[in-house]
Structure formats: C-alpha cells, structure tokens
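Below: one structure, written as structure tokens.
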Amino acid sequence: MDRESHVIKRYSLEKPDENLSCASNAEYAHLEPGQYVLDIGCGLGREVIKFAQQVGPRGLAVGIDITLNLIEEAQKNAQKKNIDNVQFVYADMENLTFQDNMFDKIFSNCVINHAPDKLKVFQEIFRILKVQGEIVISDAVSQQPLPAEVKNDPEAWAQCYGGAVTYLEYQEILLKAGFENIKVLKKRDYLKEGYPFSSITFRAVK
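What follows is the structure, given as structure tokens:
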C-alpha cells in the first residue's frame, strides 16, 4: 500500500458543502405498544413525542440532551400535546444513569460523533438495552481517516465533523461493545470543508 493511501485527500468544490444533517431515523423505528425507547440527543423532543404516541400509555419514551434549554423546551412541547408517557432528562451520553436492560430500542441522530470516547458511549447503550433490543443510529462518518489538524480543531468538532471516524472504525467500536447484526439502512455521500463524508443510518442488535 502506498503512502498516499494513508492520507485523506481534500477535494475542491464547485458548489458549497452539502448539508451535514443526518436526517430523521424515525422512519425505521417500527415501535410497538408498551415498549420503552430512548433518544440520545433529543433536542426539542419532537421525535421523542412521536415515539411516546406510538408506544402508548403502557410504554415510555425518554429523551436526553446536554443542553438544559432544549430539555426545558422539549418538556413544554410534550405538555402542549398532553403527552404523559414521556420524560426529558439532562444527561451525558458517556455516563447514562438508567438501569441495566431498560430499553427496547435506542435512537440517536448525528450526536455520537461529538463524543471523545465513542466506545464508552456504545458500552453504556449496550448496558441499558434489553437483550435482543435494537439501536437505530444516524451519524456522520469520514470516508477516510481525518488529518490531525481537523481532529485537533475544536471548531471542527463543534461543526459535527472533527470527531468523526470512518465507518470501518465505527463498526469495530460497535462489535467491541457487543453489538451484532449491524446493517446500514441508508447512506448519503457529501463533502464537508472539502473532505469526503457519508451520512449513515444503521441498525444493530444486542
């Protein structure tokens, strides 16, 4: 393998970067009444509220976020719709406070790439997921390893790409955490600051 194969190539753009959004993964939820579900990085809670409606009064939908203002707004949104089987919690995804084997399904949308220790995140997710439970995760992955100047740039991390790893690295993390049957459901390629990325949505099972 030649030396260039280890170095990510930066491409010139004829148009602005495509939107980094991973888009919603709710279309792959397939929830059933009575299930317990968690959304990591819930934002304003709109998808969590939809999940709560789908699992019904015997189920529970929980959203976590590290931004208190978003948690407060999410709670207000649930109150406006008179949704009772929903909770919004301030929490760090590397240190989840939920009990073992609590959730049937766990979702996350373009959040885990922000985590410095992604293995710790997925070990925590694995711990609180029921046996045979599923995760549906959407995230940004780099098509080649990012150079050090990007990985060490706080602004790049804030813009949802400095902390990205390749899909192969992502797979290895999932397998090390204990997940099986990893399947990519959706993929979109784009450029971010001239670097080739993919937005992926995948499912995996405990």
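Under numbering that gives the first Met the number 0, read the sequence shown as residues 0 to 205, first letter to last.
Just so it is clear, CB atoms sit at the ideal spot from N, CA and C, and this is done for glycine as well.
Minimum Cα-Cα distance from G33 among the listed residues E71, A73 and V85 corresponds to V85.
Using a Cβ distance threshold of 7 Å, L128 and F87 do not count as a contacting pair. In the three-state reduction of the DSSP assignment, E93 falls in the coil class, being assigned neither a helical nor a strand state.
Here the stretch 143-151 makes no contact with the stretch 72-80; the two share fewer than three CB pairs at distances below 8 Å. Take S107, set aside five residues on each side of it, and the residues of its chain with a beta-carbon closer than 6 Å to its own are I39, G40 and I136, in chain order. L118 places its beta carbon less than 7 Å from that of I172. A straight line joining the alpha-carbon of E133 with that of R202 spans about 7 Å. For L67, the CB contacts under 8 Å within the same chain, skipping 5 residues up- and downstream, are Y89 in chain order.
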